[in-house]
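Note sheet for the following structure.
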Amino acid sequence: MLERLWRIKDPSAPEPKILYTVTTDMLSGNSFDFLTYSDRRLLEKVYSYAEENNIDLEQVDLLAFDMAGYRMAGPGGHLASKPGNAYGVEGKWVINAFDERDTKLAYQIKNGKAMLSTEFDRGYLDEALDPERAPTHGVDFAFLAKMVKQFSDQAGQPDENIQMPDDPNRRYAEPGMGYYLVETLNGKKPPTHPDNLAKGGDDSTNVLNYLTKQDRKKLLAAYKMLMSLGMSTEQLDQTATRLGATRMREATGVVAPV
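Quick note on numbering: the numbering used here labels position 256 of the sequence shown as 308, and the sequence is numbered without any gaps.
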C-alpha cells in the first residue's frame with residue numbers, strides 16, 4: 053500500500069501523517085494523506101486479498117482514490133446536487149445519475165446483507181452509492197460489491213439475488229458521464245434556456261447566446277466538476293456571463309453590461 057499510494061518502497065518507513073483539512077499548503081500534495089487510520093488498515097487487507105486472488109491492483113488504487121476524495125471533502129463528504137440545483141450554459145438542467153449498470157449494482161450493494169456488517173465506512177458507502185453526491189467514481193462497482201461482502205460477516209456466503217424494481221420513468225446517464233440533461237423539470241426550464249433568456253426582450257442582447265460551441269463544452273465540463281465536488285457554481289455563472297459579453301463584443305462591437 054505504501055508503495056502504490058505514496059511511492060514509499062521502504063517497508064519500515066513511517067506512514068504519511070493523516071490530514072484533515074484542505075489548505076493552500078497541500079494543494080499539490082497527495083490526496084491519500086486524508087485516508088484515516090482505519091481506511092489504511094482496511095486497504096492493506098484489500099490489497100492483500102487482491103494480490104492473493106490475481107485481481108488487478110489498479111482497482112484497489114481507484115478504491116483508495118475514491119475513499120480519499122470522500123475524506124478530503126470533510127465531515128459528511130460532498131453535498132448532494134439534487135434535480136433543479138444545477139444547469140448548464142446550453143440551457144438544460146443537469147441531473148446527476150449513474151449509468152444503468154452502476155445503478156443496479158449500487159442498489160444491490162445498498163440492499164445486501166453485507167452492508168450491515170462490512171468493515172467499509174458507512175459514510176463513504178452512502179456517498180459512493182448516491183449519484184446526487186458522487187455521480188462519478190474510479191472503482192468499478194462490481195469490485196466494490198465484492199469487497200464490501202468479503203470484509204463482512206457474509207464472506208463466503210452464496211450471492212444474494214437482489215433485483216432492482218422496474219421503473220419506466222427512471223433515466224440513466226451514458227457510461228462515464230455521471231449526468232444527463234433535460235430541458236424541462238417539473239414544468240420549469242433553467243434560467244439559461246433560450247425561452248427564458250428571450251423574456252428580457254431582443255434575444256440578440258443575451259450574452260450567453262454568443263458563447264461558441266467550444267466555450268459551452270469547456271464551461272459544461274467545469275460545471276460538472278464543481279457539482280461533483282458539491283461546490284457553488286455562482287462564480288462560474290459570472291465567468292460564463294463575462295465570456296459571453298466578450299464574444300458579443302467580438303461579434304457585434306456592442307459592449308454589454310455585466
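Note that CB positions come from ideal geometry on N, CA and C, so glycine has one too.
Of the other Cβ atoms in all chains shown, 16 or more fall within 10 Å of the Cβ of L295; this residue is therefore buried.
When DSSP reads this structure, W58 sits in no beta bridge, so it has no partner. Where L260 is concerned, there is no enclosing beta strand (DSSP E), because DSSP gives it neither an H nor an E. DSSP, read as helix, strand or coil, puts L115 in helix.
For Y231, the three-state secondary structure derived from DSSP is strand. In the displayed model, V146 falls within a strand according to three-state DSSP.
Beta-carbon to beta-carbon, A158 and F193 are separated by about 6 Å, close enough to satisfy the 8 Å threshold.
Apart from sequence neighbours up to five positions away, the residues of its chain that approach E179 with a beta-carbon distance below 7 Å are Y122, G129, H130, R185 and A186, ordered along the chain.
When DSSP states are grouped into helix, strand and coil, K240 belongs to the strand group. A distance below 8 Å separates the beta carbons of P135 and L237. Taking each of R299, E302, L272 and P227 in turn and checking the Cα distance to D151, the smallest one comes out for P227. Nearest C-alpha to K276 among K265, E171 and S133: S133. With a contact defined as Cβ atoms closer than 8 Å, N163 and M279 miss out at about 27 Å.
No Cβ-Cβ contact shorter than 8 Å links G239 with L114.
For Y224, the three-state secondary structure derived from DSSP is coil. It is roughly 37 Å from the alpha-carbon of A274 to the alpha-carbon of I214. The three-state secondary structure of Y72, taken from DSSP, is coil. In the DSSP assignment, Y101 falls within the unbroken alpha helix (DSSP H) covering Y89 to E104.
DSSP places I161 in the uninterrupted alpha helix (DSSP H) bounded by E152 to K162. The straight-line gap separating the alpha-carbon atoms of A197 and I161 is approximately 6 Å. Apart from sequence neighbours up to five positions away, no residue of its chain approaches T304 with a beta-carbon distance below 7 Å.
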